[in-house]
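Enquirer: For the sequence shown, the numbering used here gives the first residue as 5, with consecutive numbering after it. All C-beta atoms, glycine included, are put in the ideal place defined by N, C-alpha and C.
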Amino acid sequence: MLKKLREEIDKIDNEVIILLEKRFEIVKKIKYLKLKERVEDKNREEEILKKISSQYIIDIYKTIFENSKLSQKD
Numbered sequence: 005m006l007k008k009l010r011e012e013i014d015k016i017d018n019e020v021i022i023l024l025e026k027r028f029e030i031v032k033k034i035k036y037l038k039l040k041e042r043v044e045d046k047n048r049e050e051e052i053l054k055k056i057s058s059q060y061i062i063d064i065y066k067t068i069f070e071n072s073k074l075s076q077k078d
């Protein structure tokens, strides 16, 4: 049973990794649009966080946001 559950977690982790990579590809595109059009949505993060009920996931998303901002500075 434990092995099966770990396999499920591994599958989910792989999916999360793929989705995060896609997310950061889009973040790069957004970076160039923000530079070009001088657009910024300061409420965007709050809108996303409001949809999440688990504090653990909120913390993960805050880290994602932070790293997204850092990647836009590169």
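DSSP three-state call for N47: helix, strand or coil?
Expert: Of the three classes helix, strand and coil, the one that applies to N47 here is coil, per DSSP.
Enquirer: Put K55 into one of helix, strand or coil per three-state DSSP.
Expert: Three-state DSSP puts K55 in coil, outside helix and strand.
Enquirer: Quick check: what's the CA-CA separation for K32 versus S75?
Expert: If you take the alpha carbons of K32 and S75, they lie about 8 Å apart.
Enquirer: Kindly confirm or deny that the stretch 62-74 and the stretch 18-35 touch, where touching means at least three C-beta pairs closer than 8 Å.
Expert: Segments in contact, yes.
Enquirer: The alpha helix (DSSP H) spanning R82 covers which residue range?
Expert: Outside the displayed span of the chain (5 to 78) sits residue 82, for which this structure offers no information.
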